[in-house]
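S.K.:
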Amino acid sequence: IQPNYYNDEDIELIVPHFLELAYTAWDIKPFAEDVWRDADEELRTTIRKQWEENQAITGGHEWNPPEWAEIAEDGIPLPPFKWDENRRAVLRAELDAYYAKLYGLTRKQLRYILDPADLTEKELEDILDPWEEVKDPLDPEGYAKRVEKSTFPGETLSVLKEKEIRQYGEYRTRRLVLEAWGRLIQG
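So the sequence shown is numbered by the numbering used here: it starts at 29 and just counts up by one.
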């Protein structure tokens, strides 16, 4: 997607999410300050809200910069976002869903990218048709049955899927992205 394609609504969602994922240590503060300086007041307010949400969930970091950190007067007045693996997974999923929407994908196409075995034979007949035979792709039993029944020859994200099944007992990224897609579509 070309930079001039993004509208204000896109920027309001993408930049704060990305900043929370990137600005997690004081040595990244110069980058965060560049973002802050380029942001208008509305975007700064959204970034501040993102930081406050992170603080409410994680406890946040105090404003206690190390001696070597250069603090610019016109720079971001917030300490780094606190790293929380579960929150980061949700933020990445929200960005994935948002970019899928920006690229014009349907939920069926997004399901296909996440795991082609999730689609039924009828759904695979025309991947460009948004029609879905599956009403609730988040139903774990239905998903397991579709995957077991699938004859699709490969997987898109097999290493990630296998790792998450071992670690979380489910393909967590798939679930989080589809949940984020649902929230995005519902408005």
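Glycine included, every Cβ here is placed at the ideal spot set by N, Cα and C.
1. Report the residue ranges of all alpha helix (DSSP H) runs contained in full by the segment 54 to 114; include only those spanning at least 4 residues, in chain order.
2. Is L138 helix, strand or coil by DSSP?
3. Whole angstroms is fine: what's the gap from Q214's alpha carbon to E207's?
4. Below 8 Å on the Cβ atoms is my guess for D143 versus K177; work out the distance and round it to an integer in Å.
5. Using a Cβ-Cβ cut-off of 7 Å (strictly less than) and excluding sequence neighbours within five positions of T148, which residues of its own chain qualify?
6. Taking all protein chains shown into account, do 16 or more other C-beta atoms lie within 10 angstroms of the C-beta of I104, making it buried, or fewer, making it exposed?
7. Count the other CB atoms within 10 Å of the CB of T184; is the residue buried (16 or more) or exposed (fewer)?
8. Apart from the five residues just before and just after L106, which ones in its own chain have a Cβ nearer than 6 Å to its Cβ?
9. Consult DSSP for Y199 and reduce its assignment to one of helix, strand or coil.
10. For P44, name the three-state secondary structure that DSSP assigns.
11. On the criterion of 16 or more Cβ atoms from any shown chain inside 10 Å, does F59 qualify as buried, or is it exposed?
12. Leaving aside the five residues before and after I42 along the sequence, list all residues of the same chain whose C-beta is less than 8 Å from its C-beta, in chain order.
13. Using a Cβ-Cβ cut-off of 8 Å (strictly less than) and excluding sequence neighbours within five positions of A117, which residues of its own chain qualify?
14. Could you say which of W91, N114, R72, Q83 lies nearest to Y196 if we only look at CA atoms?
15. Any contact between the segment 129 to 139 and the segment 152 to 159? By contact I mean 3 or more CB pairs, one from each, below 8 Å.
16. Could you give the distance in angstroms between the alpha-carbon of E198 and the alpha-carbon of S186?
17. Between which residues of its own chain and P108 is the CB-CB distance below 8 Å, once the five residues before and five after are set aside?
M.R.: Working from what's here:
1. Look at the segment 54 to 114 and you find these whole runs of alpha helix (DSSP H), each 4 residues long or longer: 57 to 66, 69 to 86.
2. Helix, per DSSP.
3. Q214 and E207: Cα-Cα distance of roughly 11 Å.
4. In fact, because the Cβ distance is near 13 Å, the residues do not count as touching under 8 Å.
5. These residues qualify, in order along the chain: E161, V162, R174.
6. I104 is buried by the Cβ-count criterion.
7. Its Cβ having fewer than 16 others within 10 Å, T184 is exposed.
8. So the list reads W79, once near-sequence residues are dropped.
9. Reduced to three states, the DSSP call for Y199 is coil.
10. Three-state DSSP puts P44 in a helix.
11. Exposed, by the Cβ-count rule.
12. Cβ-Cβ distances below 8 Å link I42 to Y34, L123, Y126 in the same chain, with the five nearest sequence neighbours on each side left out; the list follows chain order.
13. A distance below 8 Å between beta-carbons, with the five flanking residues on each side excluded, links A117 to the following residues of its chain, in chain order: R200, T201, L204.
14. Comparing Cα-Cα distances from Y196 to each of W91, N114, R72, Q83, the minimum goes to N114.
15. Touching, yes.
16. Each residue's alpha carbon lies about 13 Å from the other.
17. Cβ neighbours of P108 beyond the five flanking positions: Y51, T52, A53, W54, I56, K57, A60, H89.
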